[in-house]
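In my numbering, the protein residues as written are 59 to 472.
All C-beta atoms, glycine included, are put in the ideal place defined by N, C-alpha and C.
Presented below is the structure to which this report refers.
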RNA sequence: GCGGGUGUAGCUCAGUUGGUUAGAGCACCAGAUUGUGGAUCUGGGGGCCGUGGGUUCAAAUCCCAUCACUCGCCCCA
């Protein structure tokens with residue numbers, strides 16, 4: 059055994075944290091249901107080809123971050139690094155309905171071989187939203203409204219802003235890319251080492267470089283908005299107009315780009331400054347060419363993913379759960395009846411903490427620590443009269459109840 | 001993959017110029033209270049001082065390596 063530590067970039071989720079994660083996912087699910095989304099799940103691993111073809115061979119995810127492995131049957135498989143490609147595959151292979159439009163919610167673990175940092179893990183969790191088959195800007199607006207509402211219901215409003223940009227259609231994007239490459243080639247002697255690599259592989263990435271020298275060059279670089287053709291401009295204006303109508307604040311950011319090849323038109327991120335270098339809480343965009351690229355019918359698509367770990371670091375605490383009832387036998391002689399009382403209460407849907415050991419004092423102490431509302435004390439004196447003691451753990455006052463009336467009486471301590 | 005910081009009890013941290021058996025608070029267990037929690041007092045269990053090597057009469061302390069975490073770069077949720 060190598061060690062008893064968890065693998066780098068993975069972590070154990072303790073109860074308190076598990077509650078927060080679940081809260082984030084629950085809120086996202088509930089709000090997406092309000093918008094008419096349906097929940098699905100897809101496998102945690104896929105054929106490697108699914109990600110290689112869709113994300114682009116030159117993307118960082120494919121070139122150095124995927125967990126690839128070969129199974130006993132010799133298949134080349136990959137632990138999913140993101141949700142969209144797998145969902146697109148499920149759509150084409152008939153695993154999910156293909157009656158368009160489709161509005162889907164999903165959540166689960168993702169895997170990327172990266173250097174861990176705050177808010178960045180090798181196994182992390184995402185919530186994911188996709189709309190397939192709607193080429194109208196209305197899908198963009200609804201998707202963004204959904205993201206904004208989830209953030210609001212999680213209590214993440216002040217620390218977050220929506221940044222949005224348009225990459226345009228294929229024609230616009232290619233035109234802009236050419237302009238950008240020729241501009242940066244002219245100024246390549248001032249570019250950082252990283253950006254010289256980007257110039258060959260993904261020139262749009264230079265736009266959001268943090269290198270000071272790069273920033274000076276970028277400041278005078280041609281703007282994406284000026285390369286958009288009429289259709290692309292009109293589309294983006296419609297999206298922004300839709301956001302205005304719903305009073306959703308946004309910041310138009312010409313430098314916002316997306317790393318993955320399949321994006322076109324709308325690209326956006328809900329970002330925060332509260333988490334250090336990992337600013338993106340929710341990010342996504344439109345991917346109208348993706349499914350066609352994978353060999354399916356031309357199908358418009360748009361989606362986003364949100365990082366559960368990142369969101370839970372900023373989200374409100376989840377609502378407090380129901381306080382338990384402590385069932386406490388005074389001595390071993392009452393254990394059998396205490397077990398039965400606990401069972402009956404649980405059958406009736408109550409949360410019951412049945413202390414396994416310790417004397418009365420210890421058991422009350424434990425009940426108190428677990429925030430129990432009331433203790434059912436079962437002792438020989440009361441049992442002689444077929445009664446049990448109810449102790450209100452907030453006030454300290456005690457009353458007696460018959461075993462028959464116990465469930466009824468305890469409804470006052472809800 | 002690259003650079004900076006930090007690793008001592010379950011948690012938060014002390015630990016002097018290297019010097020006896022490594023400490024505190026919180027938490028946990030137990031007693032004061034053999035049928036009554038929260039408060040208080042008393043006691044107890046807990047440590048390969050991240051790991052491995054080196055220097056030294058002597059290392060938690062100095063040196064090297066390594067691992068993990070952390071902050072940034074890259075990239076992204």
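Asked, Found
"Endpoints, alpha helix (DSSP H) assigned at residue 438", "438–442"
"Given 8 angstroms, three or more beta-carbon pairs between the segment 407–417 and the segment 381–396", "yes"
"Three-pair Cβ contact test at 8 angstroms for the segment 72–89 versus the segment 141–153", "no"
"Contact belief for residue 330 with residue 217 at Cβ below 8 angstroms, rounded distance in angstroms", "5 angstroms"
"For residue 359: DSSP bridge partner residues", "190"
"Spatial neighbours of residue 471 in its chain, beta-carbon cut-off 6 angstroms, leaving aside the 5 residues before and after", "431 and 432"
"For residue 232, three-class secondary structure by DSSP", "helix"
"Residue 188 versus residue 91: straight-line alpha-carbon distance, rounded", "13 angstroms"
"Rounded C-alpha distance that separates residue 159 from residue 190", "6 angstroms"
"Residues sharing a beta bridge with residue 414, DSSP", "None, per the DSSP bridge assignment."
"Residue 138 in three-state terms, based on DSSP", "coil"
"Alpha carbon of residue 215 to alpha carbon of residue 95, nearest angstrom", "23 angstroms"
"One or two residues paired with residue 447 in a DSSP bridge", "435 and 458"
"Coarse secondary structure for residue 284, derived from DSSP in three states", "helix"
"Reference residue 468; option with closest CA among 442, 434 and 453", "434"
"Whole runs of the alpha helix (DSSP H) within the segment 190–224, excluding any shorter than 4 residues", "195–211"
"Other residues of its chain near residue 297: CB distance less than 7 angstroms, five sequence neighbours each side excluded", "195, 198, 199 and 324"
"Nonlocal neighbours in the same chain, by C-beta distance under 8 angstroms from residue 242, ignoring five residues either side", "249, 253, 257, 261, 264, 275 and 279"
"Straight-line gap, residue 362 to residue 72 (C-alpha atoms, nearest Å)", "28 angstroms"
"Residue 352 (DSSP reduced to helix, strand or coil)", "coil"
"Simplified DSSP state of residue 120, which is helix, strand or coil", "helix"
"Counterpart residues of residue 165 in DSSP-defined beta bridges", "185"
"Ranges of the alpha helix (DSSP H) found wholly within the segment 68–128, counting only runs of at least 4", "73–92 and 106–113"
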